[in-house]
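Using our numbering, count along the sequence shown one by one with no gaps and you end on 611.
Heads up, the beta-carbon is just placed ideally off N, CA and C, and yes, glycines get one too.
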Amino acid sequence: YQLIRKTAEQISPKAENYFRYTLYKWFLLNKCGYDARIAIGNDQVVFYVRNDEDISDIPFFMIDEKKYMCLNYHDYGKLFKQSVYIPVKIKIAEGINPFSYKVTRMPDFSPEHYEEKDVQFSYKQKIYHFKLKINEEVQTIFKNYPVVDYESYFNIPLSRETYSSLIPILRQNLKKMDQKKGVDYLMRFTRYAFLYEDDGENFGKEKRLSPEQTLLTKYSDCDDRAALFFFLVKEIYNLPMVALLYPTHLTMAVQFDKPVGNFITYQGKKYSFCEPTPQLQDLKIGEISNNLKNVTYEVVYAYEPTRK
C-alpha cells in the first residue's frame, strides 16, 4: 500500500488535487486485486478496503455484512456516520480480495539509507556495545499502521540491514551461555538498553511500535518491548511463548524444559514469567512485579514453534 501511495503521489500529487490522488489509490489498489471502494459525502472522498482481521483503531463501514476499513480517515481527522457517504458504484474486475495488515517482510531499503545507532547495556558487570543500523524510512512506513491483533503485531520482521547489525552479534554474545541465561540476557537487553516512556506521553495515544521501530526510537513502552523480546527469543531460541495482557500492562512468559521460578499454566504447559519492561524491582526470570501478582490477565497470543 505504501508503494501505491508513492505511485499515486508521483502521478497526481496529493497537495494539488486530493480527490484525484485518492482515485488513483483506489484504482491501483483494485488493479492489484484488492476490494477497495470509495464514497463521497460532506465534501469528503472516503477510501476504504475490505478486511477480515481484528483492527481496533480504524473507522470501518459494513457493506453486505463485510467490513471495509477506511484508509484515509487520518487525512480528515474524523469521519461522519456511514449514512453521510454515498458509495460510488464502479466495480473493477480485479478487485476481489480482502486486504491484510499482516507484515511478512520489510522492503529492501538501500544500505546507504541507514545510519548507525550506538546502543549499550550492562549484563553481569560487563558492558555490551551494539552499532545498530537504523533507517528512518521505517517510521514512514508505519506512520498510519493500525493497532492489529497480537499475532500479526508480534510477527513483524526486521529489515535486512537492521537484522544483520543485531542478530549475529547477539548470537555471538550468547554462544557460551545456556538457554536460560541467554533468555535472561535478551530480557535484560530489551529492558535496559532503551528508555521507557508511556505511549500517552510519547504519542498522545496508544501506538504499538514494531521491533525495528523500538530499536530506532528513543522511547518505548511495555507493548513495544514485549514485541521486541518475542522477536529476539523466537529468532535465536525459537521457544514457545505467551503474551499476558493485564489491565495496564503487557508482559511475556516463556516455556523452558523445566519452569523457572513463578510460572503460569496455559493449555497444560508451564510458562515462566519474563519481564522485558523496567519495573520497580530488578526482576529475574520467573519473577513478576508485586503490583501484578494478584491481578487477572488474559493470554492474548500463544506461540508454538513449528517442529521440523
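Check: First through last residue of the beta strand (DSSP E) which encompasses residue 366; Outcome: 363-366
Check: Start and end residues, beta strand (DSSP E) containing residue 425; Outcome: 418-426
Check: Secondary structure of residue 379, DSSP reduced to three states; Outcome: coil
Check: Identified DSSP bridge partners for residue 372; Outcome: 352 and 363
Check: contact_flag[the region 484-504, the region 576-595] where n(CB pairs < 8 Å) is 3 or more; Outcome: yes
Check: Proximity winner among 465, 491, 412 and 366, relative to residue 428 (alpha-carbon distances); Outcome: 491
Check: Neighbourhood of residue 464 by C-beta, 8 Å cutoff - its chain only, sequence neighbours within 5 removed; Outcome: 412, 414, 417, 436 and 438
Check: Beta carbon of residue 331 nearer than 7 Å to that of residue 307; Outcome: yes
Check: Residue interval of the alpha helix (DSSP H) (run including residue 311); Outcome: 305-314
Check: Nearest-angstrom Cα separation, counted from residue 552 out to residue 545; Outcome: 14 Å
Check: Rounded straight-line distance, which links the Cα of residue 393 to that of residue 446; Outcome: 30 Å
Check: Beta-bridge pairing of residue 555 - partner residues as DSSP gives them; Outcome: 546 and 577
Check: Distance, residue 482 Cα to residue 604 Cα; Outcome: 22 Å
Check: CB contact flag (residue 376, residue 353, <7 Å); Outcome: no
Check: Rounded C-alpha distance that separates residue 548 from residue 558; Outcome: 17 Å
Check: For residue 379, the nearest candidate out of 344, 478 and 311 (CA to CA); Outcome: 344
Check: Bridge partners - residue 523, DSSP secondary structure assignment; Outcome: 499
Check: Nearest neighbour of residue 431, chosen from 542, 576, 336 and 474 [CA to CA]; Outcome: 474
Check: Per-residue burial, residue 528 [other beta carbons within 10 Å of its own, 16 or more giving buried]; Outcome: buried
Check: Distance CB(residue 602)-CB(residue 574) smaller than 7 Å; Outcome: no
Check: Alpha carbon of residue 360 to alpha carbon of residue 479, nearest angstrom; Outcome: 44 Å
Check: Continuous beta strand (DSSP E) stretch holding residue 568: start and end; Outcome: 566-569
Check: Burial state of residue 556 (16 or more Cβ within 10 Å); Outcome: buried
Check: Identity of the residue in 497, 408, 364 and 443 nearest residue 423 by Cα; Outcome: 497
Check: Cβ distance (whole Å) where residue 399 is taken to contact residue 338 below 8 Å; Outcome: 6 Å
Check: Local conformation of residue 530 per DSSP, three classes; Outcome: helix
Check: Nearest candidate by alpha-carbon position, reference residue 426, set 476, 396 and 450; Outcome: 476
Check: Span of the alpha helix (DSSP H) around residue 440; Outcome: 440-444
Check: Beta bridge counterpart(s) of residue 601 as assigned by DSSP; Outcome: 548
Check: 7 Å Cβ shell around residue 453 - same chain, five flanking residues per side excluded; Outcome: 546, 603 and 604
Check: Closest residue to residue 524 among 533, 510 and 458 (Cα-Cα distance); Outcome: 510
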